[in-house]
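J.:
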Amino acid sequence: MITGATSLTSKQTEQLKKAFTDLSWHEISQQLLSKFLLIIVTFVLFLILLWVGRVIIVHLFQESKKYNVLKNSNRMATVKALVLNIYRYTCYFFLLYAILSEIGVPVGTLIAGAGIFSLALGLGAQSLVSDIVTGFFILLEQQLDVGDTVQIGQIKGTVTALGIRTTQVTSSDGTLNFIPNRNITIVQNLSRNNMVSNVDIRITSKTPLSKVEEIVTQVNKKLVPQIKALQLKPVIVGPVVTPDGALVFRVTITAVSGKQSTVASHFLAAYLKELRTNNIPIAWEGAPNEY
4 MITGATSLTS KQTEQLKKAF TDLSWHEISQ QLLSKFLLII VTFVLFLILL
54 WVGRVIIVHL FQESKKYNVL KNSNRMATVK ALVLNIYRYT CYFFLLYAIL
104 SEIGVPVGTL IAGAGIFSLA LGLGAQSLVS DIVTGFFILL EQQLDVGDTV
154 QIGQIKGTVT ALGIRTTQVT SSDGTLNFIP NRNITIVQNL SRNNMVSNVD
204 IRITSKTPLS KVEEIVTQVN KKLVPQIKAL QLKPVIVGPV VTPDGALVFR
254 VTITAVSGKQ STVASHFLAA YLKELRTNNI PIAWEGAPNE Y
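Going from the sequence shown to the numbering used here is simple: count from 1 and add 3.
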């Protein structure tokens, strides 16, 4: 019986050797090479298609500027970035489909018969769907535009890109933050309205307030016509005690969003210069106020 089993095993081994020997390695290598070349050609065509489509989209948006289709430049930049993003993802999808088809994977059959896999994929893609839906409503409601200065949670900076999945915000130190759209719940957009800044001149109890107001008024008359970013005339509030206990003479400045700090600094420098020229006593930063 052992002899019969050994004989059967030997026959099977010989059949395997014969089948292996009968393989046409030349034809196999030719098929592998042809598939490899086909994949290379597909990649090249994909890159060309991606480049041509990008050029066409950019050209169309440049032409649309002549007809003022989108009057807001930030809105145009946002829509342009979104269209490019969608086009790129679409090209990636067709590239993957083409490569799988070329190597013999029945993509259509897999998609049609992947019941359990589709369910698992759907559960795993809930966050992706949430990102896309949230991003759609952000664009629809025009909460953000490329170029806007925003505060999203703890992140403050300039919006550099709006995608269907993430929003990119560049902080003042150059850090590029990728924020999933589903995490964007409260948005503080600092670019939609004029911004108000307080210009505080630290004073003491001995500072003549009437003289300070007179000098501030003179400086305002001189600077207001020169600063285009200023939206309203400076408002003289007068002496105010800040939350940290400092006594200041306050002037409010209303300027174009993003320019308020520069404008306020310009006015403060002019105020201090004139006050010192006229020997008006003011307090320096860090010194205790005299009440």
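Yeah, the Cβ is synthetic: ideal placement off N, Cα and C, and Gly gets one too.
#1: Taking C-alpha atoms, which residue in ARG185, GLY107, MET79 lies nearest to LEU131?
#2: Under three-state DSSP, which class holds ALA286?
#3: At 4 residues or longer, what runs of the alpha helix (DSSP H) sit wholly inside the segment 199-271?
#4: What does the alpha-carbon distance come out to for the pair PRO211 and VAL244?
#5: With DSSP run on the structure shown, which of helix, strand or coil describes THR178?
#6: Quick check: ALA80 and VAL153, are their CB atoms within less than 7 Å of each other?
#7: Using three-state DSSP, classify THR45 as helix, strand or coil.
#8: Tell me whether MET198, by its Cβ, gets closer than 6 Å to a heavy atom of the ligand FMN.
#9: Between the segment 221-231 and the segment 176-190, can you find at least three pairs of beta-carbon atoms closer than 8 Å?
#10: Can you give me the C-alpha to C-alpha distance between ILE141 and THR161, rounded to a whole angstrom?
#11: Within the same chain, show all residues whose beta-carbon is closer than 8 Å to that of GLY241, passing over the 5 residues directly before and after it, in chain order.
#12: Just list the residues that DSSP pairs ASN186 with in beta bridges.
#13: Can you name, in chain order, every residue of its own chain whose Cβ lies under 6 Å from the Cβ of GLN146, other than the five neighbours on each side?
#14: What does the alpha-carbon distance come out to for the pair ALA290 and PRO237?
T.: In short, the structure shows the following:
#1: Reading the sequence shown from its first residue, position 128 is the one you call residue 131. Among ARG185, GLY107, MET79, the Cα nearest to that of LEU131 is on ARG185.
#2: Position 283 of the sequence shown, counted from the first residue, corresponds to residue 286. It is coil, neither helix nor strand.
#3: 212-226
#4: Within the sequence shown, residue 211 is the residue found at index 208, counting from 1. Within the sequence shown, residue 244 is the residue found at index 241, counting from 1. The straight-line gap from Cα to Cα measures roughly 16 Å.
#5: The sequence position of residue 178 within the sequence shown is 175, counting from 1. In this structure, THR178 counts as coil in the three-state DSSP scheme.
#6: Here residue 80 is taken as the residue at index 77 of the sequence shown, counted from 1. Here residue 153 is taken as the residue at index 150 of the sequence shown, counted from 1. Contact flag unset, no.
#7: As a position in the sequence shown, residue 45 is number 42, starting the count at 1. Three-state result, THR45: helix.
#8: In the structure shown, the ligand FMN is absent, as is every other ligand, since no ligand is present at all.
#9: As far as the Cβ criterion goes, the segment 176-190 does not touch the segment 221-231, which means the pair count is below three.
#10: Taking the first residue of the sequence shown as 1, we reach residue 141 at position 138. Taking the first residue of the sequence shown as 1, we reach residue 161 at position 158. Taking the straight line from one Cα to the other gives about 16 Å.
#11: Taking the first residue of the sequence shown as position 1, residue 241 is located at position 238. A distance below 8 Å between beta-carbons, with the five flanking residues on each side excluded, links GLY241 to the following residues of its chain, in chain order: LEU212, GLU216, PHE252, ARG253.
#12: Position 183 of the sequence shown holds residue 186. ASN186 pairs with nothing; no bridge assigned.
#13: Here residue 146 corresponds to residue number 143 of the sequence shown, with the count starting at 1. Closer than 6 Å at Cβ, skipping near neighbours: VAL190.
#14: Here residue 290 refers to the residue found at position 287 when the sequence shown is read from its first residue. Here residue 237 refers to the residue found at position 234 when the sequence shown is read from its first residue. Below a pLDDT of 50, predicted positions are generally treated as unreliable, and ALA290, at 42, falls in that range; no measurement from the model is reported.
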